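Student:
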C-alpha cells in the first residue's frame with residue numbers, strides 16, 4: 009500500500025527525531041494527509057509525531073493554523089508566505105519543535121496563468137528558523153502529492169544533519 | 009500508490025456528497041491521515057472536503073477537537089465515546105454537515121489486556137445523529153489502517169443511501 013521509498017524516508021526521519029528528541033507536527037494542503045500518513049506508517053511514531061491539520065479550505069487555514077487572511081487574499085493559498093505561516097502556525101498550536109507544511113496545485117484542475125499544476129510550496133519550521141521551498145513537480149495528482157512528501161522529508165533530513 | 013478499492017470507495021463517497029450537497033471533515037487518530045488522503049486523492053474533492061485533524065496525542069484530541077479530558081482518563085482514547093466526541097468536535101469546529109473519526113490500536117505495539125491490536129472505533133456524525141462502530145481488524149499496522157478506512161467509507165455510504 010505504501011511504497012518503500014516513502015517508508016524508508018519516514019523511518020530515517022523518525023530515527024533522527026528520536027536522536028534529537030524533537031517532536032513534529034504537520035499542516036497539509038495539497039498533500040491532503042499523505043505526509044502525516046507517511047510519518048505515522050512507522051510503528052512507534054507516536055513518540056515524536058503529535059498530530060497535524062489538513063487545511064483544505066482557506067477558512068480552515070485561517071481558523072486552525074492562524075494563516076493571515078491578508079496573505080491568502082494578496083499572495084494566495086499557493087505561496088511561500090502561506091507555507092511559512094502554515095508551518096509556523098501548526099508548530100505554535102501543537103507545541104512541537106519542528107513542523108512541516110505543504111501547499112500547492114496537485115491538479116489536474118486548479119491551475120491559473122501564473123500557478124501551474126505541480127507548483128508546490130513546502131515549509132519547514134525548526135526551532136531556529138522557518139525555511140520555505142518552491143518546487144515544480146510533474147506527473148498526475150498522486151505523483152505530485154508523493155513527490156511533495158519525498159521532497160519535504162529529504163529537505164528535513166538535510167537540515168537536521 | 010493508492011489501491012483501486014480505496015479510490016473507488018472515495019469516488020463513490022464524493023459523488024454522493026456532491027449529490028446531497030454535504031461537506032465533510034475528518035478527525036483521525038489510528039489512521040494517521042490515510043482517511044483524509046483517501047478522500048483528497050479524488051480530483052475535485054475540495055468541493056466537499058474542508059479539512060481534517062490528525063490528533064495523535066491526547067492533548068491534541070482535547071485542544072483541537074474538544075474531546076473531554078474525563079473521557080480520555082476514564083474510558084481511554086480508544087473508546088466509542090472518544091470516537092463520538094472526535095467526530096462531533098471536528099464537525100462543529102470545521103462547520104461541515106458530516107464528519108468521520110477513527111481511533112484504535114494499529115499495532116504492533118500499544119495493545120493492553122482489554123484492548124488488542126486491531127481494535128478500532130469509528131465515528132460518523134451526520135446532521136441528525138452521530139453513529140459509532142466497534143471493529144476488530146486483523147493484519148499488520150498498514151492493513152489495520154486500510155481496513156479502518158474501507159469500513160468507515162462503506163458505513164458512510166450505507167448511512168447516506
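Protein chains in written order, with the working numbering: chain A, 9 to 169; chain B, 9 to 169.
The C-beta atom is built at its ideal place from N, Cα and C for all residues, glycine as well.
Treat the numbers as computed from the prediction; the structure is a model and nothing was measured.
If we define contact as Cβ-Cβ less than 9 Å, is residue 77 of chain A a contact residue for chain B?
Tutor: Answer no: the Cβ-Cβ gap between residue 77 of chain A and chain B never drops below 9 Å.
Student: Should residue 48 of chain B be listed as close to the ligand NAD, given that the test is whether its C-beta is under 8 Å from any heavy atom?
Tutor: In terms of ligand content, the structure shown is empty, and the ligand NAD therefore cannot be addressed.
Student: Residues of chain B with a CB under 7 Å from the CB of residue 44 of chain A: which are they?
Tutor: Within 7 Å Cβ-Cβ: 40, 41, 62.
Student: Only counting the same chain, and skipping five residues up and downstream in sequence, which positions put a Cβ closer than 6 Å to that of residue 34 of chain A?
Tutor: 43, 44, 60, 108
Student: Examine chain B for any beta-carbon lying closer than 9 Å to the beta-carbon of residue 124 of chain A, and answer yes or no.
Tutor: It does not; no Cβ of chain B falls within 9 Å.
Student: When the Cβ atoms of the segment 66–75 of chain B are set against those of the segment 137–150 of chain B, are three or more pairs found closer than 8 Å?
Tutor: no
Student: Of all the CB atoms in chain A, is at least one closer than 9 Å to the CB of residue 20 of chain B?
Tutor: Closer than 9 Å: no.
Student: Taking a contact to mean a Cβ-Cβ separation below 9 Å, would you say residue 41 of chain A touches residue 41 of chain B in this structure?
Tutor: yes
Student: Nearest CA to the CA of residue 142 of chain A: which residue from A:124, A:115, A:55, A:48?
Tutor: A:124
Student: Residue 68 of chain A touches chain B at which residues, Cβ-Cβ below 7 Å?
Tutor: 58, 59, 102
Student: Would you decide whether residue 11 of chain B is buried or exposed? Buried here means 16 or more other CB atoms lie within 10 Å of its CB.
Tutor: Residue 11 of chain B is exposed by the Cβ-count criterion.
Student: Which same chain residues end up closer than 8 Å to residue 26 of chain A when comparing Cβ atoms and leaving out the 5 residues on each side of it in sequence?
Tutor: 55, 56
Student: Beta carbons nearer than 7 Å to chain B: which residues of the segment 135–156 of chain A have them?
Tutor: 149, 150, 154
Student: Could you tell me the alpha carbon to alpha carbon distance between residue 118 of chain A and residue 127 of chain A, rounded to whole angstroms?
Tutor: 11 Å
Student: Spell out a yes or no on whether the segment 84–91 of chain B and the segment 101–116 of chain B are touching, meaning 3 or more CB-CB pairs, one atom from each, closer than 8 Å.
Tutor: yes
Student: Got a sec? Which residues, its chain only, sit under 6 Å from residue 46 of chain A by beta carbon, not counting five neighbours each side?
Tutor: These residues qualify, in order along the chain: 14, 18, 157.
Student: Along the chain, which unbroken stretches of the beta strand (DSSP E) at least 3 residues long are found entirely within the segment 57–119 of chain B?
Tutor: Within the segment 57–119 of chain B, the beta strand (DSSP E) runs of at least 3 residues that lie entirely inside it are, in chain order, 57–63, 106–112.
Student: Would residue 115 of chain B count as contacting chain A if we go by Cβ distances under 9 Å?
Tutor: yes
Student: Would you call the CB atoms of residue 106 of chain A and residue 100 of chain A closer than 9 Å?
Tutor: no
Student: For residue 92 of chain A and residue 165 of chain A, I'd like the C-alpha separation in whole angstroms.
Tutor: 18 Å
Student: For residue 16 of chain B, return the contacting residues in chain A, with the cut-off set at a CB-CB distance below 8 Å.
Tutor: Those within 8 Å of residue 16 of chain B in chain A number zero; the least Cβ separation is about 14 Å.
Student: Of the choices B:103, B:48, B:161, B:167, whose alpha-carbon is the least far from that of residue 62 of chain A?
Tutor: The option with the nearest alpha carbon to residue 62 of chain A is B:48.
Student: Pick helix, strand or coil for residue 155 of chain A, following the three-state DSSP scheme.
Tutor: helix
Student: Using the three-state DSSP reduction, which class does residue 143 of chain A fall into: helix, strand or coil?
Tutor: strand
Student: Pick out whichever of B:90, B:132, B:169 has its Cα sitting closest to the Cα of residue 159 of chain B.
Tutor: B:132
Student: Where residue 134 of chain B and residue 102 of chain A are concerned, what is the direct C-alpha to C-alpha distance, given to the nearest angstrom?
Tutor: 28 Å
Student: Flag residue 10 of chain B as yes if its beta-carbon sits less than 9 Å from any beta-carbon of chain A, otherwise no.
Tutor: yes
Student: Just checking: is the beta-carbon of residue 111 of chain B within a distance shorter than 9 Å of some beta-carbon in chain A?
Tutor: no
Student: Nearest-angstrom Cα distance between residue 154 of chain A and residue 39 of chain A?
Tutor: 8 Å
Student: Pull up the CB-CB distance for residue 24 of chain A and residue 58 of chain A, whole angstroms please, since I reckon it's below 8 Å.
Tutor: Actually they are not in contact, since the Cβ atoms of residue 24 of chain A and residue 58 of chain A sit about 16 Å apart, beyond 8 Å.
Student: Once DSSP output is grouped into helix, strand and coil, what is the label at residue 126 of chain A?
Tutor: Residue 126 of chain A falls in the coil class under three-state DSSP.
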